[in-house]
Amino acid sequence: MGDEVSHGYTVDEALSSLGFGTFQGAALVFAGIGWFADAMEVTLLSFIGPALESEWSVSPTEESFLSTAIFGGMIVGSYFFGFIADAYGRRMGIRGVAIVTFAAGLLSAFSPDYKSLVVLRFLVGFGAAGGHVYSSWFLEFIPTFNRGVWMLIMSFSWVIGELLETSLAWLIMPRWGWRWLLALTSVPSLAMLLLSSFAPETPRYLFMKGRTNEAVSVLERVALMNRKELPTGSLVSDHRRTKPDEENVPSEETPLLSSESKKRDVKRYLGSLPELFSSDLLGITILIWIMFFSCIFAYYGIQLMISTLSSGQSDCRSLSIPPENAQNDSLYINVLIACLAGGHVYAAWFLEFIPSSNRGAWMLVMMCSWILGELLEASLAWIIMPRWGWRWLLALSSVPSFTVLLLSTFVPESPRYLFTKGRSDEAIRVLEKIALVNRKELHSGSLVSDHQKKQPDEVNFPSEETHLISSSESKTRSFEKCLGSVSELLSPDLLGTTLLAWIMFFAYTFAYYGIQLMVSALSSRHSDCDSSSILPNNVQNDNLYINVFITCLAEIPGLLLAMVLVERFGRKLCMEILTILTVIVILPLLSHQNGTVTTALLVSGRMFLSAAFNTLCVYTEEVYPTSVRASGYGLATAVGRIGGMICPLVAVGLVRGCHQTLAVIFFGIVILISGIAVLFFPFETKGRGLTDVVSNKECI
Numbered sequence: 001m002g003d004e005v006s007h008g009y010t011v012d013e014a015l016s017s018l019g020f021g022t023f024q025g026a027a028l029v030f031a032g033i034g035w036f037a038d039a040m041e042v043t044l045l046s047f048i049g050p051a052l053e054s055e056w057s058v059s060p061t062e063e064s065f066l067s068t069a070i071f072g073g074m075i076v077g078s079y080f081f082g083f084i085a086d087a088y089g090r091r092m093g094i095r096g097v098a099i100v101t102f103a104a105g106l107l108s109a110f111s112p113d114y115k116s117l118v119v120l121r122f123l124v125g126f127g128a129a130g131g132h133v134y135s136s137w138f139l140e141f142i143p144t145f146n147r148g149v150w151m152l153i154m155s156f157s158w159v160i161g162e163l164l165e166t167s168l169a170w171l172i173m174p175r176w177g178w179r180w181l182l183a184l185t186s187v188p189s190l191a192m193l194l195l196s197s198f199a200p201e202t203p204r205y206l207f208m209k210g211r212t213n214e215a216v217s218v219l220e221r222v223a224l225m226n227r228k229e230l231p232t233g234s235l236v237s238d239h240r241r242t243k244p245d246e247e248n249v250p251s252e253e254t255p256l257l258s259s260e261s262k263k264r265d266v267k268r269y270l271g272s273l274p275e276l277f278s279s280d281l282l283g284i285t286i287l288i289w290i291m292f293f294s295c296i297f298a299y300y301g302i303q304l305m306i307s308t309l310s311s312g313q314s315d316c317r318s319l320s321i322p323p324e325n326a327q328n329d330s331l332y333i334n335v336l337i338a339c340l341a342g343g344h345v346y347a348a349w350f351l352e353f354i355p356s357s358n359r360g361a362w363m364l365v366m367m368c369s370w371i372l373g374e375l376l377e378a379s380l381a382w383i384i385m386p387r388w389g390w391r392w393l394l395a396l397s398s399v400p401s402f403t404v405l406l407l408s409t410f411v412p413e414s415p416r417y418l419f420t421k422g423r424s425d426e427a428i429r430v431l432e433k434i435a436l437v438n439r440k441e442l443h444s445g446s447l448v449s450d451h452q453k454k455q456p457d458e459v460n461f462p463s464e465e466t467h468l469i470s471s472s473e474s475k476t477r478s479f480e481k482c483l484g485s486v487s488e489l490l491s492p493d494l495l496g497t498t499l500l501a502w503i504m505f506f507a508y509t510f511a512y513y514g515i516q517l518m519v520s521a522l523s524s525r526h527s528d529c530d531s532s533s534i535l536p537n538n539v540q541n542d543n544l545y546i547n548v549f550i551t552c553l554a555e556i557p558g559l560l561l562a563m564v565l566v567e568r569f570g571r572k573l574c575m576e577i578l579t580i581l582t583v584i585v586i587l588p589l590l591s592h593q594n595g596t597v598t599t600a601l602l603v604s605g606r607m608f609l610s611a612a613f614n615t616l617c618v619y620t621e622e623v624y625p626t627s628v629r630a631s632g633y634g635l636a637t638a639v640g641r642i643g644g645m646i647c648p649l650v651a652v653g654l655v656r657g658c659h660q661t662l663a664v665i666f667f668g669i670v671i672l673i674s675g676i677a678v679l680f681f682p683f684e685t686k687g688r689g690l691t692d693v694v695s696n697k698e699c700i
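Residue numbering for the sequence shown follows UniProt numbering, starting at 1 and increasing by one per position.
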């Protein structure tokens with residue numbers, strides 16, 4: 001055993017030797033499409049409300065509740081799809097996200113009334129909340145070097161989605177109305193559904209599950225595409241390198257013990273939540289929650305304000321009434337611009353394929369797909385809403401999710417996930433595929449965990465034989481695992497990390513979407529607060545489309561800035577700098593500014609905040625161990641969605657009620673809280689390898 005271990009290689013070592021090649025490039029495109037699809041669905045928030053007010057005479061409260069319903073679905077879906085990704089694989093999570101998002105998005109276009117639309121958009125939020133699985137999948141295929149940069153590059157797909165949605169709304173809304181826009185927005189989700197058939201499971205996941213042969217197969221596929229060679233030897237865990245005498249890595253025979261395996265699986269997942277609240281992860285979890293809440297609250301608040309101020313429907317400063325059926329092009333333009341300033345199953349999947357070096361950069365590169373999705377949605381709204389209405393916009397916005405569902409068939413499971421689940425053979429096969437695609441060679445030896453290299457006596461990975469145990473016991477174990485994953489996140493080892501993550505996600509979500517909504521709110525031409533003329537009720541001027549479009553574009557320089565900072569100064573300092581800059585640029589909005597200054601400030605705020613938010617996503621993916629990565633990230637985004645539910649009341653309600661100063665104060669306080677939370681994160685993840693299990697020394 002000693003020789004085998006000494007000549008083995010880990011998943012991280014395999015990915016590092018294979019580098020970032022053709023396979024990772026294809027994985028980046030796939031995960032990017034997933035974020036692209038989610039971005040389009042979210043960007044719809046800026047266009048649907050004004051259209052429904054005109055067609056169904058919905059009140060401002062009902063309009064705000066539509067956004068709240070979407071985030072309510074996200075709260076439920078975030079952890080659900082995180083659990084699915086951790087328990088059944090990244091590919092399964094990706095397919096589920098694509099199916100739900102596409103189906104609900106398309107059906108939204110045929111909603112007969114307001115209530116049915118709220119229910120369907122709740123389901124869209126439920127599906128879109130699983131976008132973190134894409135990043136997790138991508139992460140597990142990226143080498144450690146420059147991982148952060150690549151994750152940020154992936155974020156560009158979000159900006160593209162926002163810009164496209166804004167452009168679509170600009171073109172579709174005035175001609176065919178919102179129903180066509182909804183229909184077209186669902187197309188990317190359909191594409192993901194189709195493409196998912198070609199995506200492999202990540203070798204890290206396969207190996208974690210004891211499916212070593214499958215993990216090696218995936219690595220061989222990567223090596224083939226990258227034109228590299230895998231290291232010599234067998235695939236081993238990091239743990240095995242350290243204390244081989246007591247290794248208990250899942251073997252390939254374990255699946256034959258089916259009932260016992262399933263019982264163990266249930267217990268493990270029942271304990272995953274407490275693990276997040278363990279002493280090792282408690283601080284990080286709390287900080288991440290704070291950051292996510294703050295980011296989402298502020299981000300979507302600003303996004304909704306774009307629609308509110310551009311729609312020309314606020315009584316505060318309206319002296320003229322726009323025609324009832326006319327769409328304000330400024331709404332689409334403003335949303336599109338806001339999109340450029342700035343997703344989670346997708347990210348987790350991608351993360352586990354990236355080498356440790358520059359991993360942060362690659363995650364940021366992937367996040368570019370979010371921007372692409374926002375831009376596309378803004379463009380769709382621009383085209384569809386004025387012509388076919390919001391129903392078509394909802395339907396079209398669901399298409400990318402269907403695309404993800406289709407593509408998921410071809411996507412491999414994460415080798416890191418496979419290995420942590422004891423499916424070592426599957427993890428090795430995935431790594432071999434990566435080596436094949438990248439034209440690299442895997443390390444010699446067997447696949448082992450990082451802990452096995454350091455503490456082999458304490459390793460206790462599930463074996464492949466576990467799957468052969470009877471089905472009844474296996475199902476029991478799977479159920480217990482689901483509950484266990486939550487307890488693991490709340491265990492003493494992870495409690496601090498989990499609570500911090502929740503604070504961060506809440507703050508960022510609140511601020512991010514608050515800013516997005518404020519763009520629309522502040523673009524309005526006929527608010528009673530300062531307007532001198534009254535336009536017909538059914539006319540929306542072009543300012544809304546223009547301002548949204550511009551703010552979407554602002555996310556592009558924001559991501560570029562994050563890509564420069566994340567690998568040079570690290571994740572923590574990068575978030576701190578960007579958070580401070582966000583507060584500085586929104587402070588002038590405490591007093592009323594002219595349209596140009598207001599748009600410029602909101603664009604700058606969204607640019608810095610989206611960059612901070614994407615950096616937080618990278619940090620969250622890296623700081624949690626593989627066993628609870630998707631679950632921990634999912635719960636953090638769920639907490640963040642609470643901020644998304646609250647921000648419409650601030651960004652839309654207060655602004656339309658002529659309380660802009662109070663709204664800005666709210667956003668400033670929330671963002672400042674997130675900045676303080678960053679200081680308490682326990683360690684920097686730049687250049688660190690991903691961990692598979694909780695380590696007290698690392699997480700406290």
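Even glycine gets a Cβ: it sits at the ideal position worked out from N, Cα and C.
According to the Cβ coordinates, are residue i and residue j closer than 8 Å?
i, j, result
"Glu-432", "Glu-140", "no"
"Tyr-79", "Gly-644", "no"
"Met-225", "Leu-418", "no"
"Leu-380", "Leu-181", "yes"
"Ser-631", "Leu-489", "yes"
"Ser-189", "Val-11", "no"
"Val-566", "Val-149", "yes"
"Glu-165", "Ser-369", "no"
"Ser-294", "Phe-510", "yes"
"Glu-413", "Leu-206", "yes"
"Leu-500", "Leu-230", "no"
"Asn-213", "Ile-434", "no"
"Trp-382", "Tyr-545", "yes"
By how many angstroms is the C-alpha of residue j removed from the C-alpha of residue i?
i, j, result
"Ser-446", "Ala-14", "11 Å"
"Leu-589", "Tyr-624", "37 Å"
"Trp-178", "Ser-54", "11 Å"
"Leu-573", "Leu-168", "37 Å"
"Glu-622", "Val-486", "18 Å"
"Trp-35", "Leu-517", "20 Å"
"Gly-127", "Phe-81", "8 Å"
"Val-459", "Met-192", "Per-residue confidence for Val-459 stands at a pLDDT of 42, beneath the threshold of 50, marking its modelled position as unreliable; the derived number appears in the next sentence. The alpha-carbon atoms of Val-459 and Met-192 are separated by roughly 37 Å."
"Gly-73", "Phe-122", "5 Å"
"Tyr-512", "Trp-289", "15 Å"
"Gly-570", "Cys-617", "13 Å"
"Thr-691", "Thr-144", "12 Å"
"Phe-666", "Asp-113", "33 Å"
Figure out for me which residue from the options has the closest Cα to the Cα of residue i.
i, options, result
"Val-404", "Met-154, Ala-199, Phe-81", "Ala-199"
"Ala-651", "Ala-27, Ser-64, Phe-47", "Ser-64"
"Pro-174", "Gly-389, Ile-584, Ala-663", "Gly-389"
"Trp-349", "Val-29, Tyr-299, Leu-44", "Val-29"
"Ala-69", "Ile-646, Leu-662, Ile-665", "Ile-646"
"Arg-147", "Met-504, Glu-162, Gly-657, Ile-354", "Ile-354"
"Met-291", "Val-670, Leu-587, Thr-685, Gly-689", "Val-670"
"Leu-672", "Thr-579, Thr-626, Ala-109", "Thr-579"
Consult DSSP for residue i and reduce its assignment to one of helix, strand or coil.
i, result
"Thr-144", "strand"
"Asn-594", "coil"
"Asn-460", "Because the pLDDT of Asn-460 is 44, which lies under 50, any placement of that residue in the model is unreliable, and the question is left without a value."
"Tyr-513", "strand"
"Ser-527", "Note that Ser-527 scores 47 on pLDDT, short of 50, meaning its location in the model is unreliable; the coordinates nonetheless yield the value given after this. Note: Ser-527 maps to coil in three-state DSSP."
"Leu-380", "helix"
"Trp-180", "helix"
"Ala-109", "coil"
"Arg-121", "helix"
"Ala-562", "helix"
Are there any heavy atoms of the ligand FAD lying less than 7 Å away from the beta-carbon of residue i, as far as the coordinates show?
i, result
"Ala-129", "Of ligands this structure carries none, so the ligand FAD is not represented either."
Over what stretch of residues does the alpha helix (DSSP H) that includes residue i continue unbroken?
i, result
"Gly-582", "Gly is not the amino acid found at residue 582; the sequence shown has Thr there. That run of the alpha helix (DSSP H) goes 571–586."
"Thr-202", "Element bounds for Thr-202: n/a, residue is neither H nor E."
"Glu-441", "Note, Glu-441: premise wrong, no alpha helix (DSSP H); beta strand (DSSP E) at 438–441."
What residue range is occupied by the uninterrupted beta strand (DSSP E) comprising residue i?
i, result
"Lys-686", "Element bounds for Lys-686: n/a, residue is neither H nor E."
Under a CB-based cut-off of 8 Å, is residue i close to chain B?
i, result
"Ala-511", "The displayed structure is made up of one protein chain only, and chain B is not part of it."
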